[in-house]
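Residue numbering for the sequence shown follows the numbering used here, starting at 3 and increasing by one per position.
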Amino acid sequence: MSIEKEIIWKETHLKKLNALRELNLPLSNKRSPIYISSIKNYSKRVLTIKELLALRYGLDYVLPIVTFDDETFIANIETLFVNLIGHCSDKKDYDECDIDEAIIYNRTPEQLFVANRLRKHCDTFKQHAKKSIRRFKKQTDPIIKTLINLSKDDSIYITRADKGRAVVILDKLDYINKMEKILSDTRTFIRLDSDPTIQKEERLQRKLLKLKDSGFITENEYYFARPVGSQPGKAYGLPKIHKDCAPLRPIISACNTFSYKLSKLLAKKLKHLRTNPSIVTDTFKFVDELKNLEFTNEKIKMVSFDVISLFTKVPLARTTQLILEKMYGPEHTCLYDKGMKQDEWCTNCKHRSELKWLLDTATKESHFLFNKKNLSSN
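As structure tokens, this is what we get:
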């Protein structure tokens, strides 16, 4: 069944189901069905039917494979065969042998029988798989071609929505202008003249080595958090299609940045501090907790508060101070005694200072790239 026929078939059955639902509803509750498009086009480009069909499944949709990997298939079957009946020769997989050296296979009649049946099943599977791939290829090739043509249009920017899985199409110039306006806030972001990734990476490497030698972190933690081949963060925006003019939510991807693995290590080591009865981890837990409450709907109202740019409003200095107090208690006099060197501090103050340095590095020294411009959080 082609993609177009499948869509028509689904829409036809959806209309039938909606009609049946309408028949079973009371007259006071009857309403016309609501169709919500998964594509939001805010650009000047008018999408064709083929482009709409290619995008309607969303950006997470994975097209069927169009090639059969013979080498991987054979290797997996050979591994399965060896795991089932053991090695059938005098050589192991990792043994070296000459090109012209003869390998003696020691298979019993039962093993030969199993090998023959396995080969027949594999041949049958390959025939069916390649037949399915040819059938899917006829459907996926036009979609891939359409998506490639869309990707070549530099005047548009295709992304997902901030909430939900809708596909959003924006004019690229409009998208860049919105992001530039957000990033131009000097209270939150600072423009950098050059990319400081290498310098920050080397500084963190030296610090982690020092912490490993002093015993503050283990050897495994050192190799886990040690940055190698780091890159600046990537800034992008997700449109809020549920609001007027589709404003952008700025996102800074920290993957493969110099402090990315350090942040993961700190999150793991500080996880126990997040345990609190008032914290809700996700929507499902929130719904479960509501179901367990006993109350009357007439006396209780649920209110939701929205904070503009919540992440940038979090006071980092105060947050770091709270973490240090929970980990090490109140500050000691070591930190304020100017006559004492850091080597003379008590162990508690040393650890407090080292953790503060790591927290500041992971939160305050992040930098990123947008539209070929280097920026840093203020």
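Cβ atoms here follow ideal geometry from the backbone N, Cα and C, with glycine treated the same way.
Query	Result
Whether leucine 149 touches alanine 56 by CB criterion (8 Å)	yes
Tyrosine 177 burial status per 10 Å Cβ neighbour count (16 or more: buried)	buried
8 Å Cβ cutoff met for asparagine 376 and aspartate 197	yes
Contacting residues, own chain, Cβ-Cβ under 8 Å from methionine 342 (five flanking each side not counted)	Cys336
Neighbour-count burial assignment, glutamate 76, 16 or more Cβ in a 10 Å radius	Per the sequence shown, the amino acid found at residue 76 is isoleucine instead of glutamate. Isoleucine 76 comes out exposed.
Contact set for arginine 354: own chain, Cβ-Cβ below 7 Å, skip 5 residues either direction	Leu326, Tyr330
6 Å Cβ shell around glutamate 73 - same chain, five flanking residues per side excluded	none
DSSP-derived helix/strand/coil call for valine 68	coil
Neighbourhood of isoleucine 254 by C-beta, 6 Å cutoff - its chain only, sequence neighbours within 5 removed	Gly235, Ala237, Phe370
Phenylalanine 370, enclosing beta strand (DSSP E) - first and last residue	369-372
Check whether lysine 52 and isoleucine 243 have beta carbons under 8 Å apart	no
Distance between isoleucine 79 and phenylalanine 127 (C-alpha atoms, nearest Å)	12 Å
Distance between phenylalanine 191 and isoleucine 310 (C-alpha atoms, nearest Å)	16 Å
Per-residue burial, phenylalanine 260 [other beta carbons within 10 Å of its own, 16 or more giving buried]	buried
Classification of leucine 361 by the beta-carbon crowding that lies within 10 angstroms, buried from 16 upward	buried
Those runs of the alpha helix (DSSP H) which lie wholly inside the stretch 208-291 and span at least 4 residues	221-227, 262-271
C-beta atoms of leucine 318 and threonine 365 nearer than 8 Å	yes
Residues near glutamine 233 by beta carbon distance below 7 Å, same chain, minus five either side	Thr199, Asn258, Thr259
Endpoints, beta strand (DSSP E) assigned at asparagine 376	375-379
Local conformation of threonine 126 per DSSP, three classes	helix
Helix, strand or coil at tyrosine 159 according to DSSP, with G and I counted as helix	strand
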